Amino acid sequence: PATVDEVSQDDELVTLTVSTGGELRKITARLLVVADGARSATREKLGIAAATTEYGQHALIANVTPQQAHRNVAYERFTPDGPLAFLPMSNGRCSVVWTQKPEASTQVLELDDHAFLGALQAAFGYRLGTLQKTGKRFAYPLSLVQAQRIVSGRAVVIGNAAHGLHPVAGQGFNLGLRDVAALAEVIADSDDPGRRSTLRRYRRWRAADHKRVINFTDGLVRLFGSDLGPVRAARGAGLVAMNLLRGPRALLARQSMGLSGKLPRLARGVPLR
């Protein structure tokens, strides 16, 4: 795979020096979009620092096939160790994101397929019937990563490179899509995609959404990660109330889908031109 060795820029252009198979080549453009993940090497090349908060949890990832059809419905269960999510995929499969303490995650990874499905079934229940098949499993540590800046000259940092979130509310992907939609809109409205005023508009537009989603997600992690008795009681009561009351549930769903605040045209289904 190609790697970015150097990033340089002036008032008009940004230049990447890219290494591919031992060969160096230069790529020049008016705008560099950095979207290479939470551990972004390109962000580092730009000299943009990132603040990292470790949660002391691992996310175990697997694809499983349940007995019953998921009907394109996602499920999330909050367990004592952390949330367990089943996300619908093609061919009747579900993508599993199982948040656990590191030692528990290590133990589960060592199980064979039959034992793993048994442990997962015990944690998730029988909402989708018996879990019948599983693919390969892997795990990674969970953290909150926030870029200190999302604009540097003619470079803009988006998606997980700008904000790596805990998967508790499934917000990272939606937030990244809104980044893309907003950036596409400000570019479409400008004759120079990397102009300072263009990227300043993007930065200001995205700031409130980033702050809201980061605080919401981080708050959920801390709420459901607390072992204090009063917090556990309040947490349980809140979940019951959310399940019974349509208004708060609809508001939470709207927030979770990113449908609050000023939405980019693409996010509203409106063409850019």
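Quick note on our numbering: the sequence shown kicks off at 26 and runs consecutively. Glycine included, C-beta positions come from ideal geometry on N, C-alpha and C. Quantities reported herein were computed from a predicted structural model and do not represent experimental measurements.
Using only the alpha-carbon positions, how far apart do CYS119 and LEU153 sit?
Locating residue 119 in the sequence shown gives position 94, where the first residue counts as 1. Locating residue 153 in the sequence shown gives position 128, where the first residue counts as 1. If you take the alpha carbons of CYS119 and LEU153, they lie about 10 Å apart.
For LYS51, the three-state DSSP class (helix, strand or coil)
In the sequence shown, the residue the question calls residue 51 occupies position 26. Residue state, collapsed to three classes: strand.
Spatial distance of ARG179 from LEU112 (CA atoms):
Taking the first residue of the sequence shown as 1, we reach residue 179 at position 154. Taking the first residue of the sequence shown as 1, we reach residue 112 at position 87. Looking at the two C-alpha atoms, the distance is approximately 37 Å.
Contact between the segment 72-82 and the segment 165-176 is defined here as three or more beta-carbon pairs at a separation below 8 Å; is this criterion met?
The segment 72-82, when compared against the segment 165-176, does touch it at the 8 Å Cβ threshold.
Please classify GLN125: is it buried, with 16 or more other beta-carbons within 10 angstroms of its beta-carbon, or exposed?
In the sequence shown, residue 125 corresponds to position 100, counting from 1. Buried, because 16 or more other Cβ atoms sit within 10 Å of the Cβ of GLN125.
Put LEU153 into one of helix, strand or coil per three-state DSSP.
Sequence index remark: in the sequence shown, residue 153 carries index 128 (1-based). Three-state result, LEU153: coil.
Classify HIS95 as helix, strand or coil using the three-state DSSP reduction.
As a first step, residue 95 is located in the sequence shown; it is residue number 70 there, counting from the start. Looking at HIS95 - three-state DSSP - the assignment turns out to be coil, as it is neither helix nor strand.
Count the C-beta pairs between the segment 186-195 and the segment 231-242 that are closer than 8 Å, then say yes if the count reaches three, no if not.
yes
According to DSSP, is ASP106 helix, strand or coil?
What you label residue 106 is simply residue 81 of the sequence shown in a count that begins at 1. In the displayed model, ASP106 falls within coil according to three-state DSSP, outside both helix and strand.
Taking 7 Å as the cut-off, does the CB of ASP61 come closer than this to any heavy atom belonging to the ligand FMN?
As for the ligand FMN, it is missing from this structure, which has no ligand bound.
Where are the beta strand (DSSP E) runs, 3 residues long or more, that stay fully inside the segment 178-247, in chain order?
180-182
Tell me the residue span of the beta strand (DSSP E) that contains LEU57.
Counted from its first residue, the sequence shown places residue 57 at position 32. Per DSSP, the unbroken beta strand (DSSP E) holding LEU57 starts and ends at 57-59.
Out of curiosity, what's the CA-to-CA distance linking ASP216 and SER222?
The count along the sequence shown starts at 1 and reaches residue 216 at position 191. The count along the sequence shown starts at 1 and reaches residue 222 at position 197. Cα to Cα, the separation comes out at about 11 Å.
Would you list the one or two residues that DSSP bridges to ILE73?
As a working mapping, residue 73 is identified with position 48 in the sequence shown. According to DSSP, ILE73 bridges with nothing at all.
Spatial distance of GLU101 from GLY150 (CA atoms):
Position 76 of the sequence shown, counting from 1, holds the residue named residue 101. Position 125 of the sequence shown, counting from 1, holds the residue named residue 150. Distance between the alpha carbons of GLU101 and GLY150: 11 Å.
Kindly indicate which three-state DSSP category GLN125 falls into: helix, strand or coil?
Position 100 of the sequence shown, counting from 1, holds the residue named residue 125. In the structure shown, GLN125 sits in a strand (DSSP, three-state: E or B).
Neighbourhood of LEU156 by C-beta, 7 Å cutoff - its chain only, sequence neighbours within 5 removed
As a first step, residue 156 must be located in the sequence shown, where it is residue number 131. Contacts found: VAL89, PRO91, LEU142, LEU145, GLN146.
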